[in-house]
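These protein sequence lines map, in sequence, to chains A and B. For the first sequence, our numbering gives the first residue as 1, with consecutive numbering after it. For the second sequence, our numbering gives the first residue as 1, with consecutive numbering after it. Heads up: the structure comes next, in structure tokens.
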Amino acid sequence: MTDGAGNNSARNDSAGRFRRLELTVRRRVDGLLQGDVDGHAIGPGSDPEELTQYQPGQDVRRIDWNVTARTGEPHLWRTRAQHELDTWLLVDRSPSMTFGTARTEKVDVAEQVAAAVGLLTNGPGNRVGIGLIDEAGLHWISPRPGRAAAAALTRLDAAVRQGSPAVSLSDALRGLGARARRRGLCVVVTDLVSPDGAIERPFEWEGALRRLTARHDVIVVEIDDPRERELPDVGEVVLLDPETGAQREVSTSDPELRIAYAMVTALHRDETAAAVRAARAEHLRVSTDDDWAAVLARFVKDRRRAPARRHRRTP
Amino acid sequence: MTFTDPLFLLALVPVAALALAYVLLQRRRTRYAVRFATLPMLDRVAPTRPRWRRHLATGLVLLALGAFATAAAGPEMRLRVPYERATVIVAIDVSGSMEAQDVPPDRLTAAKGAAVEFVRELPETVQVGVVAFAEEAELVAPVTADRALVENSIQNLQSDGGTAIGEAVFASAAEVVRQAAASRPTPEGDTAPDADTADPIPARLVLLSDGFNTAGRSPASSVQAALDAEMPVSTIAYGTPSGVIGNGARTQSAPADDETLRMLAEGTTGHFYRAESGAELDQVYEDIGSAIGWRTETTLVTTPLVLIGLALAITATALSLRWFSRLV
């Protein structure tokens with residue numbers, strides 16, 4: 001009985017989370033999308049409709065009378081099959097993401113942003129597939145409607161907090177490229193911190209990202225934490241790397257150390273921004289002390305204002 | 001090491017407890033580590049300092065505390081301390097038999113070399129006098145702190161004839177008494193110090209001879225004089241039984257008189273030695289030197305221990321400052 005009750009409460013909790021998420025998205029992010037013909041700002045650009053000759057059995061309401069009158073043959077509008085709008089979310093839940101010093105941990109922000117994206121691409125026939133990178137490897141959740149995908153994301157178990165991830169970001173991107181055969185939207189939610197501490201280009205994930213952007217629209221959502229940008233002055237601390245388990249003692253009261261570290265992280269941020277830009281993907285930065293809904297809303301608004309980037313000449 | 005107040009050694013208990021706590025804390029450190037996801041980036045900036053530096057600084061501090069705690073208990077050690085006012089008279093037989101060459105190059109030269117070495121090994125505070133005896137005993141160098149003078153006197157000894165062991169003892173005893181009287185502090189405006197009432201100072205006679213007593217008063221009668229002067233006599237019987245002297249035409253054996261010399265030494269609470277070669281003589285002189293110039297005394301070593309502790313603590317603090325920019 002208690003087990004059932006416990007399960008119930010867990011389910012209620014995740015259901016509550018989902019409801020709150022939906023409310024947030026609809027009020028604060030989706031609110032901007034009302035009145036749009038497309039219904040969703042996020043998605044690949046609409047392909048131009050095409051005129052074809054009328055074949056018996058097709059929808060007569062779509063006949064273009066002007067063209068029919070001019071040519072004498074019935075022509076009708078046909079849109080390219082757009083309902084199979086594929087969105088893929090790649091969410092990094094490796095142990096390095098289970099770190100956060102502001103309101104939440106990075107992994108919580110990642111899950112919520114990914115779920116919000118899933119809700120925003122909700123439409124008839126749109127499918128959202130999810131890839132989860134965690135310490136055991138890469139898991140896939142099969143494509144399902146946006147709401148269901150968002151619900152699945154809010155129902156995930158807590159991320160494993162230590163251990164080296166078996167899969168690197170470049171491998172995950174390659175896996176995503178292999179799975180997502182149709183052109184669509186790919187949203188990669190990660191912290192872009194490499195286990196070897198690389199801070200300069202070329203990063204190991206750049207090649208895979210470029211291959212992905214060749215086929216899809218890619219948005220890279222980078223999650224970071226204010227303490228990762230700057231070390232606070234808290235005296236002597238023993239720091240633990242959640243992925244490798246290595247410990248080291250750091251004297252954070254040393255101002256030179258703090259300045260050097262801030263410079264290193266600033267360089268890393270610049271380099272990742274340049275790398276993502278060079279791969280022709282879009283870049284969105286969310287911090288754990290930010291209001292992710294506001295940041296996402298601003299991003300969506302800016303994206304709608306500049307849609308030219310989204311059109312791509314495909315061979 | 002012994003302690004005057006062993007109860008204060010209990011101060012070592014808290015120090016040991018601190019050391020134990022430190023060791024245990026190192027083991028438990030993993031529970032109090034703070035997670036940090038970008039540690040690889042931080043490693044690029046801050047070179048990892050090996051942990052032994054931390055442990056070294058702490059270890060030195062604990063050692064310093066241990067030194068302080070031990071010093072609180074008043075440790076004493078038996079140290080070799082030189083006599084402050086000691087006198088040694090070196091008496092060397094310069095009779096004709098010392099020209100025998102059984103001890104290369106000849107007995108007298110070897111004896112002189114060994115004696116000079118012996119004098120050099122004595123601590124600074126010991127005053128040395130030299131008596132040479134052949135037919136008579138002669139005070140070649142009065143008891144003095146001037147080692148150069150003593151060495152020169154020894155080197156200039158020439159062999160003569162006869163052997164007057166007893167006279168040598170008498171002369172040495174008289175010199176010791178005279179020196180004690182001369183060095184006694186004079187009371188203000190009094191008459192000159194009386195030799196009879198002088199305090200005897202620690203004195204010793206080291207007598208080297210290679211033959212029988214042939215001249216002067218007998219050694220047996222000199223034993224009492226030595227005892228009166230509180231001057232133990234250490235005797236060295238020198239030379240091999242087959243030693244011969246001679247100038248080609250006439251050879252004469254020159255054995256050493258062990259019995260008399262032994263009697264002389266034991267009667268005056270000294271020691272008897274035999275030396276049949278230069279090396280043995282060196283060894284004998286070394287034994288005598290370490291026995292008479294120094295004495296073992298238990299002294300309080302609190303101050304050195306406190307200074308050691310202070311040095312350790314300062315080293316630990318300096319290292320910590322250099323490596324970790326912290327004083328502790």
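Just so you know, even glycine gets a beta-carbon here, dropped at the ideal spot from N, CA and C. Keep in mind the model is a prediction, meaning the values are calculated, not measured.
Using a Cβ-Cβ cut-off of 8 Å, Leu257/A counts as an interface residue toward chain B, since at least one Cβ of chain B sits closer than that to its own. Contact annotation: in the stretch 98-122 of chain A, residues whose CB is within less than 7 Å of a CB in chain B are Phe99. By the beta-carbon neighbour count (other beta carbons within 10 angstroms, threshold 16), Ile259/A is exposed.
Gly270/B sits buried, since 16 or more C-beta atoms from the chains shown fall within 10 Å of its C-beta. Against chain B, the CB of Leu239/A has a partner CB under 8 Å away; the residue lies at that interface. At least one CB of chain A lies nearer than 8 Å to the CB of Phe36/B. By the CB criterion at 8 Å, Val160/A and Asp134/A fall inside the cutoff.
As DSSP reads the structure, Thr144/B sits in a beta bridge with Val128/B. Taking a contact to require three or more Cβ pairs closer than 8 Å, the stretch 162-173 of chain A and the stretch 196-215 of chain A qualify as touching. Residues of the stretch 250-274 of chain A with a Cβ closer than 9 Å to any Cβ of chain B, in chain order: Val250, Ser251, Ser253, Asp254, Leu257, Ala260, Tyr261, Met263, Val264, Thr265, His268. Legend: CB atoms of the stretch 152-184 of chain A lying less than 7 Å from CB atoms of chain B are not found in any residue. Under the Cβ distance rule, Ala33/B counts among the residues neighbouring chain A, one pair being separated by less than 8 Å. With respect to chain A, the C-beta atom of Leu319/B has no partner C-beta closer than 8 Å.
For Leu321/B, the CB contacts under 7 Å within the same chain, skipping 5 residues up- and downstream, are Leu327 in chain order. Note on the stretch 61-140 of chain B: whole alpha helix (DSSP H) runs with a minimum of 4 residues are 107-121, in chain order. Annotation: Cβ neighbours of Asp196/A in chain B (cutoff 9 Å, chain order): Pro40.
By the Cβ test, the stretch 129-147 of chain A is not in contact with the stretch 3-18 of chain B, since fewer than three Cβ pairs between them sit closer than 8 Å.
Contact annotation for Ser96/A against chain B: Ala37 [CB-CB distance below 7 Å, chain order].
In the three-state reduction of the DSSP assignment, Tyr285/B falls in the helix class.
Non-local beta-carbon contacts of Val233/B in its own chain, meaning distances under 7 Å to residues more than five positions away in sequence, involve Val169, Leu205, Leu207, Ala226, Leu264, Ala265, Thr268, Gly270 in chain order. Residue contact check for Pro242/A against chain B: a CB pair falls below 8 Å.
Using a CB distance below 7 Å, the part of the stretch 216-237 of chain A facing chain B consists of Glu228, Val237, ordered along the chain. Counting only Cβ-Cβ distances below 7 Å, Val193/A has contacts in chain B at Ala37, Thr38, in chain order.
When beta bridges are read from the DSSP output, Gln53/A appears opposite His75/A. By the neighbour-count criterion, in which 16 or more other beta carbons inside 10 Å mark a residue as buried, Gly129/A falls on the buried side. According to DSSP, Ser194/A shares a beta bridge with no other residue. DSSP places Glu271/A outside any beta strand (DSSP E); the residue lies instead in the alpha helix (DSSP H), whose first and last residues are 255-278.
Taking 8 Å as the cut-off, the beta carbon of Ala91/B is found no closer than this to the beta carbon of Pro202/B. In this structure, Gly161/B places its C-beta atom within 8 Å of the C-beta atom of Ser95/B.
In the pairwise beta carbon analysis, the stretch 276-289 of chain A is classified as not touching the stretch 60-76 of chain B: fewer than three pairs are separated by under 8 Å. With a cutoff of 8 Å on beta-carbon distance, Val306/B and Phe68/B are scored as near each other. Proximity to Thr213/A across Arg227/A, Ala266/A, Trp77/A, Cys186/A peaks at Cys186/A, based on C-alpha coordinates. In the same chain as Tyr273/B, and ignoring 5 residues on each side of it, the C-beta atoms closer than 6 Å to its own belong to Ile236, Val284, in chain order. By the criterion of at least three beta-carbon pairs nearer than 8 Å, the stretch 212-231 of chain A is in contact with the stretch 285-302 of chain A. Under the Cβ distance rule, Ile133/A does not count among the residues neighbouring chain B, no pair being separated by less than 8 Å.
Here the alpha carbon of Leu239/A sits roughly 42 Å from the alpha carbon of Arg181/A.
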